[in-house]
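**Student:**
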Amino acid sequence: MPHSKEFSSQFLRKGFGAAAGAALLVLAACGNGDGGETAGAQAAEGAGPQQQMATRVEVMPVQPASIGSVRTLPGRATPFAEAEIRPQVSGLIESRLFTEGEVVAEDQALYQIDADEYVAAVQSAEAALARAQATAAAATETARRFERLADINAVSQQSYDEAVAAQKQAEADVGIQRAALQRSRIDLARTKVRSPIAGRIGRSAVTEGALVTANQATTLARVLQLDPIYVDMTASSAQVLRWKRDVSEGKIETLGPTTGRSAAVPVTLEFENGDQYPLSGQLEFSEVSVDQEAGTVIVRAQFPNPDGLILPGMFLKASFAAGTYNNVYAIPQRAVQRTPQGDGYVFVASDDGTAVQKSLTIQEANGSNWIVTDGLSPGDRVIISGFQNVRDGAPVEVIASRQDEMAAVSSPASATQPE
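So for the sequence shown, the numbering used here puts the first residue at 367; every next one is plus one.
Structure follows, in structure tokens:
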């Protein structure tokens, strides 16, 4: 019996071991089958050539064109004419004859200074003149009588000469008194302080009862002529030098003479909030010297200002045409990329369906575009969208062509900001 129990235990252990081994063989077989298929697929995939997907892009065909070179410069509005009102005689301000902020006419009375003293001075001068005239009349009659008496030797020649001298002295006194009367009348007229120009008057610095003196340093008020009005633009001397160099080298075809005011160059204006001024002005002149401290040159333009929208001291942006660039390309700034050295380039879709990188020579900005003078050829299809994933020589698929955008950027009326 012990032998039979031992035999049964060994048989059971061998049976369970065989079953476990068979199960492991089945699992191993299944695992080897999956692994083989995966490895085979990977090998098959690695064996074939890799195909790079073409990048979908939008292009813009470019053609050379003539584009206006417009300069946009910051500026400040200044009055066309300005008069500082000061008294020319001394006295008390009797009354103010204007409303602050109103438009005044030329020669309009603004202040009345107490005139009593000056009226008395005129009356005194008139009396002095009358006395001098009477004295001169008596001296003239005496000289005539002595002349007749001298002819018959009734008086000496010396007496006659003295009578003639007295006559001339009396006539000179008449001239002196007449000039004094005229001066007194001028002072009396100046008791009414008048505006020398037409324009808009500001606030008054004095009130009734204030004592003012002739030619004092403090102004009574200011009158500004605002129609027309000047806008003084500030350009750096480097900008002016670059513009003149481009003109001399033929890069810019000017609209007229580059000196003087022979050609009327139109100027447009933009307010600080971005609104456009509805009226255009004309370029007046540029300063003949450079500000030594700021290194700038003043360029002045004149604008009509009938509604008084432009006020002195306003910050404005003015644009004027400096000339025309011929045979250049206008490329959207978003399509231009930069090398680490700062050089600009674009990608062009070639006829064989690949991207070609082209370096550009950029002259200046033109609104949201770049003016390109070299690096492109007529008919090039510049990639303007989808170029972020494009490399030189990579395949591209053109999905859209922006002909209308090309027409827009080629317009010579576009504003230009100098670089």
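From the three backbone atoms N, C-alpha and C, an ideal C-beta is built for every residue, glycine too.
For Asp480, does the three-state DSSP call read helix, strand or coil?
**Tutor:** coil
**Student:** Going by alpha carbons, who is nearest to Leu726 out of Thr705, Gln474, Glu763?
**Tutor:** Comparing C-alpha distances from Leu726 to each of Thr705, Gln474, Glu763 shows the shortest one belongs to Thr705.
**Student:** Looking only at its own chain, which residues have a Cβ that is under 8 Å from the Cβ of Ile676, when we skip the five neighbours before and after it?
**Tutor:** Ala443, Leu592, Ile595, Val597, Leu635, Tyr643, Phe669, Leu682
**Student:** Where does Ser490 fall in DSSP's three states?
**Tutor:** helix
**Student:** Cutting at 7 Å between CB atoms, please list the residues of its own chain near Tyr695, excluding the five before and the five after it.
**Tutor:** Val428, Pro430, Val738, Leu742
**Student:** Could you have a look at Val559 and say whether DSSP puts it in helix, strand or coil?
**Tutor:** strand
**Student:** Are the region 447-460 and the region 533-549 in contact at 8 Å, needing three or more beta carbon pairs?
**Tutor:** no
**Student:** Within the chosen definition, does the region 683-703 reach the region 431-438 through at least 3 CB pairs nearer than 8 Å?
**Tutor:** Two segments are said to touch when three or more pairs of C-beta atoms, one from each, lie closer than 8 Å; by this definition the region 683-703 touches the region 431-438.
**Student:** Mapping the DSSP letters down to three states, classify Arg452 as helix, strand or coil.
**Tutor:** coil
**Student:** Between Ala516 and the rest of its own chain, which residues show a CB-CB distance below 6 Å, the 5 nearest in sequence each way excluded?
**Tutor:** Tyr526
**Student:** My output table needs one value for Gln605: the three-state DSSP class, helix, strand or coil.
**Tutor:** helix
**Student:** Please report the distance separating the alpha-carbon of Met680 from that of Thr579.
**Tutor:** 34 Å
**Student:** Look at the alpha carbon of Arg422 and the alpha carbon of Gly752, and state the distance between them as a whole number of angstroms.
**Tutor:** 6 Å
**Student:** Below 8 Å, can you find three or more Cβ-Cβ pairs linking the region 561-576 to the region 460-475?
**Tutor:** yes
**Student:** Based on the DSSP secondary-structure assignment, which residues constitute the bridge partners of Arg566?
**Tutor:** Val469, Leu590
**Student:** Given this structure, state the Cα-to-Cα distance separating Asp673 from Ala546, to the nearest angstrom.
**Tutor:** Across the structure, Asp673 and Ala546 are spaced so that their CA atoms are roughly 47 Å apart.
**Student:** Suppose the cutoff is 8 Å on Cβ atoms and the five residues either side in sequence are ignored; what does the same chain contact list for Ser461 look like?
**Tutor:** Excluding residues up to 5 positions away in sequence, Tyr477, Gln478, Glu574 lie with their Cβ nearer than 8 Å to the Cβ of Ser461 in the same chain.
**Student:** Alpha carbons only, please: which of Ala721, Ala687, Trp736 is nearest the one belonging to Asp709?
**Tutor:** Considering only alpha carbons, the answer is Trp736.
**Student:** Just tell me which of Gly457, Ser550, Asp717 has its CA closest to the CA of Ala760.
**Tutor:** The residue with the shortest Cα to Cα distance from Ala760 is Asp717.
**Student:** Going by beta carbon distance, what residues of the same chain come within less than 6 Å of Ala502, once the five residues before and after it are set aside?
**Tutor:** Ala536, Glu537, Val540
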